[in-house]
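The next block holds one structure in the form of structure tokens; read it before the comments.
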Amino acid sequence: MSRSLLIGLLWLVAPSVGWVQPDNRTILGAGNEFLSAGSFAIRVGQYDEGIRLTELGLKRYHPSIADRSAAYSNLCAAWAAKGEPDTAIPLCDESLELSSNNWRAYNNRSYAYYLKGMYAEATFDLDSAAAINPRARQVGQLRGMINERGLEPRVIMEDHQ
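And the structure:
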């Protein structure tokens with residue numbers, strides 16, 4: 131009798147085994163793994179991989195406006211970090227068209243302008259970033275870099291003959 135009870139219990143449990151998920155990851159929210167991985171790659175200095183993953187995340191999914199704004203800002207940051215401000219600036223523009231209160235996009239575009247030697251534009255964007263997030267460490271760092279360039283001594287040589 132105990133054998134038939136055991137078989138009966140196994141019979142009841144067996145159908146529920148088919149309902150177990152094969153993947154035991156916990157996913158919170160409607161995440162976009164390409165955008166997340168791209169952001170991480172950019173943060174650790176793997177700019178080409180970060181650009182590739184971020185572009186995949188934008189193409190394969192339909193991210194929210196906030197996520198698209200962040201993705202374009204990340205692309206801007208990666209291209210600026212690669213020393214290509216002319217590629218970076220339109221991406222920051224796109225980010226800011228989607229979300230005008232994205233302080234990181236202002237900060238990233240400011241850095242791109244800084245790379246081009248356009249210090250007035252860089253300062254304007256940096257002021258916009260600071261107005262949105264006055265405690266951002268990156269804003270203070272970039273302001274120091276811009277001020278340092280502005281304070282470099284300029285020597286005028288006279289030609290004596």
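Just so you know, we're using our numbering here: the sequence shown kicks off at 131 and counts up by one. The beta-carbon is built from N, C-alpha and C at its ideal position, and this holds for glycine as well. Bear in mind that the values here come from a model prediction, so they are computed numbers and not experimental data.
Expressed to the nearest angstrom, what Euclidean distance is found between the alpha-carbon atoms of residue i and residue j?
{"i": "Arg182", "j": "Gly280", "result": "35 angstroms"}
{"i": "Ala252", "j": "Asn238", "result": "9 angstroms"}
{"i": "Gly187", "j": "Ile219", "result": "20 angstroms"}
{"i": "Arg267", "j": "Leu256", "result": "12 angstroms"}
{"i": "Ala296", "j": "Ser230", "result": "Missing from the structure shown is residue 296; the chain here goes from 131 to 291 and no further."}
{"i": "Glu288", "j": "Ser225", "result": "47 angstroms"}
{"i": "Phe254", "j": "Arg190", "result": "35 angstroms"}
Determine the DSSP secondary structure at residue i, reduced to helix, strand or coil.
{"i": "Gln271", "result": "helix"}
{"i": "Lys246", "result": "coil"}
{"i": "Asp257", "result": "helix"}
{"i": "Asn86", "result": "Lying outside 131 to 291, the shown extent of the chain, residue 86 is not represented and no answer is given."}
{"i": "Gly175", "result": "coil"}
{"i": "Glu288", "result": "coil"}
{"i": "Tyr191", "result": "coil"}
{"i": "Gly161", "result": "coil"}
Would residue i pass as a contact of residue j if the rule is Cβ separation under 8 angstroms?
{"i": "Ser203", "j": "Arg234", "result": "yes"}
{"i": "Thr184", "j": "Gly161", "result": "no"}
{"i": "Leu165", "j": "Ile195", "result": "no"}
{"i": "Ala211", "j": "Tyr236", "result": "no"}
Counting along the chain, where does the alpha helix (DSSP H) carrying residue i start and finish?
{"i": "Ser199", "result": "195 to 211"}
{"i": "Ala266", "result": "Ala266 -> no alpha helix (DSSP H), and no H or E assigned at all."}
{"i": "Glu224", "result": "215 to 228"}
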